[in-house]
Amino acid sequence: MSDSPSGDDTYIRRFGFRRFTGVRQNRLYRIIAVAWFNLIEAIRRSGFTKMLLVFMFFSILIQDVLIIVISWFLPFTGLPITINELFRDAYADSVLGMVSLVNRITVLELGFMPFNISAIGISFIWLLLMAIVGGGLIADDRLHQTTEVYFSRISRLEYTIGKLMSLMLFSAVVVVLPSIIQYFLLSYGLETDLLVNIDLMFWGIGFTLLAAFLLSLLILALSSFTKRRAVATLSFFIAAIVLSSFYSAIGWSQSESLILLLDFVGAIALLGAMALGYESLDVNGRTIIFNNGIGVEGPMVLAVVLIVLMLGIVALMLTLFRRDS
Numbered sequence: 008m009s010d011s012p013s014g015d016d017t018y019i020r021r022f023g024f025r026r027f028t029g030v031r032q033n034r035l036y037r038i039i040a041v042a043w044f045n046l047i048e049a050i051r052r053s054g055f056t057k058m059l060l061v062f063m064f065f066s067i068l069i070q071d072v073l074i075i076v077i078s079w080f081l082p083f084t085g086l087p088i089t090i091n092e093l094f095r096d097a098y099a100d101s102v103l104g105m106v107s108l109v110n111r112i113t114v115l116e117l118g119f120m121p122f123n124i125s126a127i128g129i130s131f132i133w134l135l136l137m138a139i140v141g142g143g144l145i146a147d148d149r150l151h152q153t154t155e156v157y158f159s160r161i162s163r164l165e166y167t168i169g170k171l172m173s174l175m176l177f178s179a180v181v182v183v184l185p186s187i188i189q190y191f192l193l194s195y196g197l198e199t200d201l202l203v204n205i206d207l208m209f210w211g212i213g214f215t216l217l218a219a220f221l222l223s224l225l226i227l228a229l230s231s232f233t234k235r236r237a238v239a240t241l242s243f244f245i246a247a248i249v250l251s252s253f254y255s256a257i258g259w260s261q262s263e264s265l266i267l268l269l270d271f272v273g274a275i276a277l278l279g280a281m282a283l284g285y286e287s288l289d290v291n292g293r294t295i296i297f298n299n300g301i302g303v304e305g306p307m308v309l310a311v312v313l314i315v316l317m318l319g320i321v322a323l324m325l326t327l328f329r330r331d332s
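Using my numbering, the first residue of the sequence shown is number 8, and each one after it goes up by one.
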């Protein structure tokens, strides 16, 4: 029996997915249309995703309320921290906690633990949401062969940027928006000046956007490698958790252990703390000093983040621009 395509199949391949020759909207409009469509579809069709979103928002709200309530009953006279320092450290700690996974990264003073209550579970929920939503963005299109429909109207670059933007918009709802709400909630509850600490809010926005961009690149790259949503979702989630666990399991006895750099998600949090001007912080209760010439150094953290960025870009581009994709 001949393997050559039938007449109907040839007709479909020649005329069913012809490049669109009509009037098209501008490039920005096309990219936004792809991003918005995929964002709405990802949220609409999954009840589990909606449940996780609600749970995450309530977790962040409860965390901030606890900080405010504790501050009401704690006299600050004689303590080694002012109310404004508490606000800055508690906010930075909370935002960093939304990204760090297994390893507990905190900028609060060692031993001053009443406010060290950032829920690590929030970062797990965000990572799981990213894996669930991003895992199928490209894999589903390859499975159902709808990429040809996209490419008949838009370029591969527009398709890639649109998919990436949809995951970025999703992350904006999950982590960027909560970081802004947290700023106003904590500032109001602790009665600090909004304008004096406005740099902190912009840091929170920039840091969460950077984290969202880097993780979006990685999950999209994995999604482009396969036609199975579950493969991309599980491989991303498991890899992130396993690499984050090495420091806790192996390198916990030495605060300067370079094994911490395997935690690429935690490296993003470390870079965020460095950007805010912190020269040291605590990881799992052990102090890490960035510029003392021992163990984990600032340039090493930056190098890890840049490697993650380059790997994500290269893997995504090579996969999407190959002939059979």
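A virtual CB, placed ideally from N, CA and C, is assigned to each residue, including glycine.
N-terminal and C-terminal residue of the alpha helix (DSSP H) that R52 is part of
From DSSP, R52 is part of no alpha helix (DSSP H); its letter is neither H nor E.
Would you say S194 and F94 are within 8 Å of each other, going by their C-beta atoms?
yes
Taking 7 Å as the limit between beta carbons, can you name the residues of its chain near S255, skipping five residues before and five after?
V109, N110 and N291
Between which residues of its own chain and M175 is the CB-CB distance below 6 Å, once the five residues before and five after are set aside?
A219 and S223
Does the Cβ of L325 have 16 or more other Cβ atoms within 10 Å, making it buried, or fewer, making it exposed?
exposed
Can you tell me where the alpha helix (DSSP H) holding D200 begins and where it ends?
Premise fails: D200 is in no alpha helix (DSSP H) and is neither H nor E.
Touch test, the stretch 34-50 against the stretch 146-166, Cβ-Cβ under 8 Å, three pairs minimum
yes
Quick check on this structure: which residue in L225, V272 and L202 has the alpha carbon closest to the alpha carbon of M317?
L225
Just to confirm the assignment, what range does the beta strand (DSSP E) spanning S287 have?
S287 to V290
Rounded to whole angstroms, what's the CA-CA distance from F122 to Y98? Just pull it up for me.
A caution first: F122 carries a pLDDT of 47, below 50, which makes its placement in the model too unreliable to give a value.
Using 10 angstroms around the beta-carbon of L288, count the other beta-carbons present and answer buried if the total reaches 16, otherwise exposed.
buried
Assign T233 to one of three DSSP states: helix, strand, or coil.
coil
Report the residue ranges of all beta strand (DSSP E) runs contained in full by the stretch 288-327; include only those spanning at least 3 residues, in chain order.
293-296
Which complete beta strand (DSSP E) runs does the stretch 92-165 hold, if anything under 3 residues is left out?
none
Is it buried or exposed, L117, if we count other Cβ atoms within 10 angstroms and call 16 or more buried?
At L117, the pLDDT of 46 sits below 50, so the modelled position is not reliable and the matter cannot be decided from this model.
With a threshold of 7 Å (Cβ to nearest heavy atom), would P306 be considered close to the ligand GDP?
By its list of ligands, the structure shown contains no ligand whatsoever, and the ligand GDP lies outside what it can speak to.
For S66, which three-state DSSP category applies?
helix
Distance between A179 and T215 (C-alpha atoms, nearest Å):
8 Å
Do you know offhand how far I50's Cα is from L59's?
11 Å
Can a CB atom of chain D be found closer than 8 Å to the CB of S162?
In the displayed structure, chain D is absent; only one protein chain is listed.
Is the distance from the Cβ of I275 to the Cβ of L221 below 8 Å?
yes
For A246, does the three-state DSSP call read helix, strand or coil?
helix
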